[in-house]
Amino acid sequence: MVSVLITGANRGIGLGLIRHLLAEPSVSTVIATVRDVNSAKNLKALGNPKLHIVQLEVVKEESIAAAVKKVREIVGAKGLDILINNAGIGHMSPLNGNFSKVKIFEVLEVNTVAPLLIANKFYPLLKETAAKKGSAQIVNISSGLGSLGDVPKKGKEMPFSVYGMSKCALNMLTRRITVEWKDDHIRATSFCPGWVKTDLGTEAAQYTVDESTKPLTKFILSLTEEHNGNFYQHTGEKIPW
8 MVSVLITGAN RGIGLGLIRH LLAEPSVSTV IATVRDVNSA KNLKALGNPK
58 LHIVQLEVVK EESIAAAVKK VREIVGAKGL DILINNAGIG HMSPLNGNFS
108 KVKIFEVLEV NTVAPLLIAN KFYPLLKETA AKKGSAQIVN ISSGLGSLGD
158 VPKKGKEMPF SVYGMSKCAL NMLTRRITVE WKDDHIRATS FCPGWVKTDL
208 GTEAAQYTVD ESTKPLTKFI LSLTEEHNGN FYQHTGEKIP W
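Take 8 as the starting number for the sequence shown in our numbering and just add one per residue.
Here it is as structure tokens:
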């Protein structure tokens with residue numbers, strides 16, 4: 008029986024993952040973090056006893072610290088098995104477009120800095136679980152737009168340069184965890200959920216939320232050492248760094 012925490016859980020891919028995690032018999036505890044618990048109507052409507060909703064503003068260190076304390080109270084001696092860094096924002100503009108330093112920093116703060124801080128602050132919980140069970144897992148929800156190898160395939164019709172840079176840096180976090188926390192048996196894997204019909208992906212996207220998150224949930228729960236430090240499509244296809 009495993010416990011899973013996911014950030015940015017009140018809509019889109021996050022909410023889809025929550026729905027499928029709650030349906031898995033092997034999952035005993037699902038912790039959904041949101042910026043405003045009172046507004047988390049989609050999560051509250053699920054009415055599942057496995058589900059715990061925790062306030063977390065991913066860019067605020069005091070909020071992360073408070074969430075760690077709350078999660079420790081929820082999981083107790085069972086510990087935290089899987090941490091999913093899902094919260095993110097997008098920004099589309101060509102390199103010669105209308106940029107501002109404020110907007111660039113906002114995207115980098117949410118998509119790159121926040122997952123680093125969250126992994127860092129939840130490290131003790133993950134380490135305790137890994138010591139008891141043999142491993143703990145971090146999942147970073149990245150994007151194919153963060154792949155250096157796939158840049159030529161994406162072409163200039165996908166002008167998500169700042170977003171891609173933020174996800175490329177997130178992928179480096181995945182790789183660094185596999186090196187620095189190897190002896191703690193904390194694994195990390197990056198995933199692209201595909202082009203999904205969300206606020207970011209728009210209705211023009213290839214996949215519905217369910218089509219993305221159903222196989223992604225199965226994959227996350229089946230991760231082993233073989234997948235440590237790698238980058239995958241939600242379908243299981245490996246993505247070049």
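Glycine included, each C-beta is placed from N, C-alpha and C at the ideal position.
With DSSP run on the structure shown, which of helix, strand or coil describes residue i?
i	result
THR224	helix
ALA143	strand
LYS245	strand
LEU90	strand
SER219	helix
In the DSSP assignment, find the alpha helix (DSSP H) that holds residue i and state where it starts and stops.
i	result
ARG183	168-187
THR40	Note, THR40: premise wrong, no alpha helix (DSSP H); beta strand (DSSP E) at 34-41.
VAL82	68-82
How would you call residue i, buried or exposed, if buried means at least 16 neighbouring beta carbons within 10 angstroms?
i	result
SER10	buried
PHE112	exposed
ASN103	exposed
PRO200	buried
GLY109	It should be pointed out that residue 109 corresponds to Val in this sequence rather than to Gly. Per the 10 Å Cβ criterion, exposed.
LYS174	buried
ALA72	exposed
THR231	exposed
ALA121	buried
ALA16	buried
ALA94	buried
VAL82	buried
ALA39	buried
Where do the ends of the beta strand (DSSP E) carrying residue i lie?
i	result
PHE112	It is not in any beta strand (DSSP E) - PHE112 instead sits in the alpha helix (DSSP H) that spans 108-115.
THR49	Here the sequence assigns Asn to residue 49, which means Thr is not the residue at that position. Careful: ASN49 lies outside any beta strand (DSSP E), inside the alpha helix (DSSP H) at 48-51.
ILE13	9-13
ILE96	Looking at the DSSP string, ILE96 is not in any beta strand (DSSP E), and its letter there is neither H nor E.
LEU29	Segment 19-29 is the alpha helix (DSSP H) holding LEU29; no beta strand (DSSP E) there.
TYR239	238-240
VAL61	58-62
SER197	193-199
Quick check: is any heavy atom of the ligand NAD less than 6 Å from the C-beta of residue i?
i	result
LYS140	The ligand NAD is not part of this structure, which contains no ligands at all.
- Three-pair Cβ contact test at 8 Å for the segment 24-44 versus the segment 220-228: Segments in contact, yes.
- Determine, using beta-carbon pairs with one atom in the segment 183-203 and one in the segment 126-137, whether at least three such pairs fall under 8 Å. Below 8 Å, enough C-beta pairs join the segment 183-203 and the segment 126-137 to call them touching: three or more.
- Query: Do the segment 135-145 and the segment 49-66 touch if we need at least three Cβ pairs shorter than 8 Å?
  - Reply: Verdict: no, contact absent.
- Contact the segment 150-157 vs the segment 231-247: 3+ CB pairs below 8 Å: Result yes; three or more Cβ-Cβ pairs closer than 8 Å.
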